[in-house]
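Each residue of the sequence shown is one higher than the one before, starting from 1 at the first, in the UniProt record's numbering.
The C-beta atom is built at its ideal place from N, Cα and C for all residues, glycine as well.
All values reported here derive from a predicted model rather than from experimental measurement.
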Amino acid sequence: MAHPNRLHNAHVLVFGGTSVIGYGVASMALSNGAIVTISGSAQPKVDAKVAELQSLYPSANVNGIPLDLADIAKLEANLKALFEKATNGGQQKLDHIVHCAGDALLLPKIHEVSADNALQVFHVRWLAPVLIGKWLATGTYMNAATSSSFTFTGGSNTAKPMEGWSLGASWGGALEGLMRGLAVDLKPIRVNLMVPGAIDTPMFQKFLDGVGKEKEADIKKAYTLLQTWGDVRDIAEGYGWFMRDHYVTGTIASSGGGRLLK
């Protein structure tokens with residue numbers, strides 16, 4: 001029996017599809033013949049990334065819908081409007097959703113925490129997946145089958161927090177619990193969590209710019225077994241596994257270069 005390409009003609013929605021990892025996931029899916037919709041916070045950037053993907057895959061079916069996940073007052077209604085548009089009112093249901101979206105990661109030190117700034121980090125990264133799960137539970141926008149999946153994105157600092165990452169670790173821990181709970185509540189839709197390590201993104205590059213090349217080499221040795229930074233194309237394959245493997249759910253996968261073993 002020939003092995004099937006399980007992403008061919010699959011309908012994939014990527015939240016954060018204009019960012020580095022989300023864009024990489026969208027590109028991976030398109031390279032396998034998927035139908036892809038990307039979402040980001042600003043219309044101009046969504047349009048630019050759609051055009052870029054179309055130039056890479058001229059025959060691809062790729063669309064973009066803007067949505068500001070940080071607007072929590074309107075988040076539930078805005079998500080419904082996006083799902084209505086992406087699925088043509090539920091007539092063309094989704095097969096996979098990937099949530100890679102994030103905002104500026106402002107993590108106050110524990111002695112600087114307030115009720116407001118402690119909860120802000122949860123808005124885009126945790127609350128959005130909660131409400132996405134709510135709309136998936138209606139059965140209107142995604143095929144209720146083991147071939148369907150919802151994957152969201154955590155962080156390696158949950159298991160091995162650096163100094164000053166109490167809030168970052170707690171956000172990641174909340175996502176782990178949410179993933180397992182949704183895997184139960186949304187079955188047979190599969191729900192999983194991807195955990196990036198030190199992936200070469202603009203946000204990570206800002207950190208490296210502040211430490212210098214010599215210090216960067218020391219950090220590579222100290223924080224990874226492979227002594228290199230991750231490539232977006234590598235971690236995109238992890239999200240692809242969660243989409244393709246119809247028997248994986250309630251699971252955490254990581255592309256981290258062995259950071260947890262250092």
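Classification of residue i by the beta-carbon crowding that lies within 10 angstroms, buried from 16 upward
{"i": "residue 1", "result": "exposed"}
{"i": "residue 258", "result": "exposed"}
{"i": "residue 189", "result": "buried"}
{"i": "residue 113", "result": "exposed"}
{"i": "residue 97", "result": "buried"}
{"i": "residue 34", "result": "buried"}
{"i": "residue 60", "result": "buried"}
{"i": "residue 218", "result": "exposed"}
{"i": "residue 56", "result": "exposed"}
Distance, residue j Cα to residue i Cα
{"i": "residue 156", "j": "residue 106", "result": "17 Å"}
{"i": "residue 20", "j": "residue 69", "result": "17 Å"}
{"i": "residue 31", "j": "residue 65", "result": "20 Å"}
{"i": "residue 260", "j": "residue 89", "result": "44 Å"}
{"i": "residue 45", "j": "residue 18", "result": "7 Å"}
{"i": "residue 224", "j": "residue 262", "result": "6 Å"}
{"i": "residue 54", "j": "residue 62", "result": "7 Å"}
{"i": "residue 111", "j": "residue 118", "result": "11 Å"}
{"i": "residue 75", "j": "residue 38", "result": "17 Å"}
{"i": "residue 165", "j": "residue 42", "result": "29 Å"}
{"i": "residue 241", "j": "residue 147", "result": "12 Å"}
{"i": "residue 245", "j": "residue 115", "result": "40 Å"}
{"i": "residue 3", "j": "residue 215", "result": "46 Å"}
Residues near residue i in its chain [Cβ-Cβ closer than 6 Å; skip 5 each side]
{"i": "residue 282", "result": "Only positions 1 to 262 of the chain appear in the structure, and residue 282 is not among them; the question remains open."}
{"i": "residue 133", "result": "182"}
{"i": "residue 78", "result": "67"}
Beta-carbon proximity list for residue i, same chain, < 7 Å, skipping 5 on both sides
{"i": "residue 123", "result": "70 and 72"}
{"i": "residue 255", "result": "196, 197, 230, 234, 235 and 238"}
{"i": "residue 103", "result": "70 and 124"}
Close-in-space but distant-in-sequence residues of the same chain around residue i (CB under 8 Å, 5 per side omitted)
{"i": "residue 137", "result": "185 and 186"}
{"i": "residue 131", "result": "75, 76 and 79"}
Distance between beta carbons of residue j and residue i, contact taken as under 8 Å
{"i": "residue 199", "j": "residue 230", "result": "4 Å"}
{"i": "residue 100", "j": "residue 22", "result": "4 Å"}
{"i": "residue 143", "j": "residue 93", "result": "5 Å"}
{"i": "residue 174", "j": "residue 126", "result": "5 Å"}
{"i": "residue 26", "j": "residue 7", "result": "Wrong, their Cβ atoms sit about 12 Å apart, outside the cutoff."}
Review point. Taking contact to mean at least 3 C-beta pairs separated by less than 8 Å, is the stretch 76-95 in contact with the stretch 6-20?
Key: yes
Review point. With contact counted as at least three CB pairs below 8 Å, one residue from each stretch, are the stretch 138-154 and the stretch 181-195 in contact?
Key: yes
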